[in-house]
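Working notes, beginning with the structure itself.
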Amino acid sequence: MKIKFLSIITILSLSLNADIIISADNLPNVSKEFLQHNFKAPIGIVQKDKNSYEVYLSDGTDLEFDIDGAWKEIENKAFPFDLDFLPQNLANIIKNEFPNTKVREIERKINHYKIKLDNDVKILIDFNGTILHKEIDD
Numbered sequence: 124m125k126i127k128f129l130s131i132i133t134i135l136s137l138s139l140n141a142d143i144i145i146s147a148d149n150l151p152n153v154s155k156e157f158l159q160h161n162f163k164a165p166i167g168i169v170q171k172d173k174n175s176y177e178v179y180l181s182d183g184t185d186l187e188f189d190i191d192g193a194w195k196e197i198e199n200k201a202f203p204f205d206l207d208f209l210p211q212n213l214a215n216i217i218k219n220e221f222p223n224t225k226v227r228e229i230e231r232k233i234n235h236y237k238i239k240l241d242n243d244v245k246i247l248i249d250f251n252g253t254i255l256h257k258e259i260d261d
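Sequential numbering of the sequence shown, starting at 124, is according to the working numbering.
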């Protein structure tokens, strides 16, 4: 009896933390506006869990938003993208430092961005535009 009870509790706790598929209409307005202004591909699937939203676009772009709707991470390995959604000064620094490149992945951290470019260069750049680190990914 005790084992059955513990099994039920375990299953319930796992199901409460599971991702659920939701309508794009249920995304926070901040997320919807960000998607409309920065990405042309239609939304394929939206998943919500306890702390975030995952959005999958039809062109293969994956985006993660926090529970309030601010973007946390964006990735598209097949079709790299521009950084037009970053503050203009940061986008310009990256474009000048790494001309003719686009982004495969970007993640917003507490005080910097972690970016992987389509030429396999990884950079860390703080919110003031200082490049903290760069390396070529093997």
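Quick reminder that beta carbons are idealized off the backbone N, C-alpha and C, glycines included.
With residue i and residue j assumed to form a contact (beta carbons below 8 Å), what rounded beta-carbon distance in angstroms separates them?
i    : j    : result
D257 : I246 : Rather than Asp, the amino acid found at residue 257 in this sequence is Lys. Yes, they are in contact, since the Cβ atoms of K257 and I246 sit about 5 Å apart, within 8 Å.
I144 : I168 : 6 Å
I229 : I238 : 5 Å
L213 : V226 : Not really, about 12 Å apart at Cβ, beyond 8 Å.
Residue i bridges to which residues according to DSSP?
i    : result
K237 : E230, L247
V169 : I145, V178
K257 : I246
F188 : Y176, W194
F204 : V226
Quick one: what's got a C-beta closer than 6 Å to residue i's C-beta in the same chain, skipping five residues either side?
i    : result
G192 : P151, V153, S154
T224 : L240, D241, N242
Q170 : D142, I144, E177
Measuring straight from C-alpha to C-alpha, what distance separates residue i and residue j?
i    : j    : result
I254 : I248 : 4 Å
D185 : E156 : 16 Å
D142 : D189 : 14 Å
N234 : Q211 : 17 Å
A147 : E187 : 13 Å
F250 : P222 : 20 Å
D260 : V244 : 6 Å
E196 : Y236 : 10 Å
N219 : G252 : 12 Å
S175 : Q159 : 19 Å
F162 : F208 : 10 Å
N149 : W194 : 16 Å
Grab me the residues of residue i's own chain with a C-beta within less than 7 Å of its C-beta, minus the 5 sequence neighbours each way, in chain order.
i    : result
G183 : N199, A201, F202
A164 : L180, S181, D182, T184
Just to confirm my understanding: we take residue i, look at its own chain, exclude 5 residues before and 5 after, and list those with CB closer than 8 Å. What are they?
i    : result
D172 : N140, A141, D142, I143
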